[in-house]
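Peer 1: Using our numbering, you'd call the opening residue of the sequence shown number 21 and step up by one each time. Before anything else, here's the structure in question.
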Amino acid sequence: MNASPVGPAAPVLVCAFAVTRTPPDLATSAAATGHEEGGPLRVLRAGGLCLVVQDVPAALFDEEALAERLNRPDDLERCARAHHRGVEAAARRGPVVPLPMATLYRGDRSAEQAVAAREAVLGALLDRLRGRTEWAVKVHATDGATNAAAAVDAPADSGTGAGTRGRAYLSRASARRRDRQDAHGRALAEADAVDAELRRYAVDATRHRPQSERLTGRRAPQLINAAYLVEDADTAAFERALARLAADARHSAVEVSASGPWIPYSFARWDEDPAVMDTAVMDTDAVDPAVMSTDVMNPDATAPDATAPHRTEPPRTEPPRTAPDRTERERRPMEQEARS
């Protein structure tokens, strides 16, 4: 019997997940999966570094197809979850620098060249992240603080005329507005105090944009959406500080919630100078679920409490601010070569 002729292979792109020094043993890891449409995870070597990648079909991952998929909430979430699986696989044997979601190259050679060209920067960042994990902390105003000035109007004044009743109504409205402003100011001050205390136990910290009510599912506003880079040796002290702050009666206008430890996505900024990152606190305008920020990988509503280092939070996404925002910003400079 003659073998059937084999047609040309479908075009593929190389999707990169993370850079590490110690290659993971992907061959023996049944959980080492990336995008379900792609091939097995594999490792490329670039100088002294390793890049965990996966071949993916160009028809689904070229620029036009990817832009369309990432603007569909379900597809965006699937892509983010696939990316975090690839990053997690890379992190099993040591620190990693996660790359932005959907970092794509035309082939192995361009991917290797992009990493090798930044070996010094990436190596310094890997050194900085070794033995450190990320904690995500959200601070909300309490319902009591939010509703402190939202009481139902008192009965209309029994004065002798419409003018008197109108002045009384305006006076009450003005007082409620002042009360709301005062309550919000107290909550903001308490939230800043929480942040300042936690920074004492962290190597670095960054504030992301507070999440919307649609994401949090709460009427009370989110005041702080922060990430803290903590030495593994200081994890217990950081957790004790969290517990104290959550129970502190002096912070009655806010509620503090935390999750971690996680792979330090928020501090793996390979496009910044690692030499200054230990002394500079980055107050970024990071998009919640755009790509690989703390909030992308940080679905407090669904993720269980984690205890293991190098475990990433599954992603939660906010469709209106997806790929175009932080994706385009954080892909440079490495992705300037990705599509060449």
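Using N, Cα and C, we set each Cβ at its ideal position, and we do this for glycine too.
Let me know the secondary structure DSSP gives residue 136 once reduced to three states.
Peer 2: helix
Peer 1: Which one of 246, 239, 281 has the shortest CA to CA distance from residue 228?
Peer 2: Considering only alpha carbons, the answer is 246.
Peer 1: Measure the alpha-carbon distance for residue 339 versus residue 110 and round it to whole angstroms.
Peer 2: At residue 339, the pLDDT of 29 sits below 50, so the modelled position is not reliable; the number obtained from the coordinates is stated separately. Rounded to the nearest angstrom, the two C-alpha atoms are 27 Å apart.
Peer 1: Would you call the region 59-67 and the region 90-101 in contact, with 3 or more CB pairs under 8 Å?
Peer 2: no
Peer 1: Quick one: what's got a C-beta closer than 8 Å to residue 271's C-beta in the same chain, skipping five residues either side?
Peer 2: 210, 213, 214, 265
Peer 1: Throw me the rounded Cβ distance for the residue 123 and residue 240 pair, which I believe falls under 8 Å.
Peer 2: The Cβ separation is near 37 Å, so there is no contact.
Peer 1: Over the uninterrupted alpha helix (DSSP H) stretch that includes residue 46, give me the two end residues.
Peer 2: Note, residue 46: premise wrong, no alpha helix (DSSP H); not H, not E.
Peer 1: Just to confirm the assignment, what range does the beta strand (DSSP E) spanning residue 61 have?
Peer 2: Unbroken run through residue 61: none, as it is neither H nor E.
Peer 1: Looking at the secondary structure, which residues open and close the beta strand (DSSP E) in which residue 258 lies?
Peer 2: No beta strand (DSSP E) contains residue 258, which is instead part of the alpha helix (DSSP H) from 255-267.
Peer 1: Residue 65 to residue 150, Cα distance in whole Å?
Peer 2: 20 Å
Peer 1: Less than 8 Å between the CB atoms is what I'm expecting for residue 41 and residue 67, so what's the real figure, rounded?
Peer 2: The Cβ separation is near 10 Å, so there is no contact.
Peer 1: Please report the straight-line C-alpha distance between residue 281 and residue 85, rounded to a whole angstrom.
Peer 2: So the two alpha carbons sit approximately 34 Å from each other.
Peer 1: Determine the contact status of residue 78 and residue 32, defining contact as a CB-CB distance below 7 Å.
Peer 2: Less than 7 Å separates the beta-carbon of residue 78 from that of residue 32.
Peer 1: What does DSSP give as the partner residues of residue 153 in its beta bridges?
Peer 2: 250
Peer 1: Out of 44, 134, 113, which one is the CA nearest neighbour of residue 119?
Peer 2: Minimum Cα distance to residue 119 is reached at 134.
Peer 1: Could you pull the start and end residues of the beta strand (DSSP E) that residue 37 belongs to?
Peer 2: 32-40
Peer 1: Mind checking which residues open and close the beta strand (DSSP E) that includes residue 75?
Peer 2: From DSSP, the beta strand (DSSP E) with residue 75 extends over 69-77.
Peer 1: Pull up the distance between the alpha-carbon of residue 156 and that of residue 248, whole angstroms please.
Peer 2: 7 Å
Peer 1: Please work out which residues of its chain come closer than 7 Å, Cβ to Cβ, to residue 76, disregarding the five sequence neighbours upstream and downstream, and give them in chain order.
Peer 2: Hits under 7 Å: 32, 33, 35, 55, 57, 58.
Peer 1: Using C-beta distances below 6 Å, list every residue in its chain close to residue 254, excluding the 5 sequence neighbours before and after it, in chain order.
Peer 2: Result list for residue 254: 221, in chain order.
Peer 1: Please work out which residues of its chain come closer than 6 Å, Cβ to Cβ, to residue 244, disregarding the five sequence neighbours upstream and downstream, and give them in chain order.
Peer 2: Here the set comprises 159, 211, 215.
Peer 1: If I follow the unbroken beta strand (DSSP E) through residue 275, where does it start and stop?
Peer 2: 274-282
Peer 1: Alpha carbon to alpha carbon, what distance is there between residue 136 and residue 114?
Peer 2: 19 Å
Peer 1: Along the chain, where does the beta strand (DSSP E) containing residue 223 start, and where does it finish?
Peer 2: Segment: none, residue 223 is in no beta strand (DSSP E) and carries neither H nor E.
Peer 1: Which first and last residues belong to the beta strand (DSSP E) in which residue 122 is found?
Peer 2: 116-125
Peer 1: Just curious, the alpha helix (DSSP H) that residue 106 is in, first and last residue?
Peer 2: Residue range 93-110 is occupied by the alpha helix (DSSP H) that includes residue 106.
Peer 1: Give the DSSP-derived three-state secondary structure of residue 161 in the structure shown.
Peer 2: strand
Peer 1: By a C-beta neighbour count over all protein chains shown, 10 Å radius and 16 as the cutoff for buried, is residue 83 buried or exposed?
Peer 2: exposed
Peer 1: Three-state secondary structure (DSSP) at residue 228?
Peer 2: Collapsing the DSSP output to three states places residue 228 in a strand.
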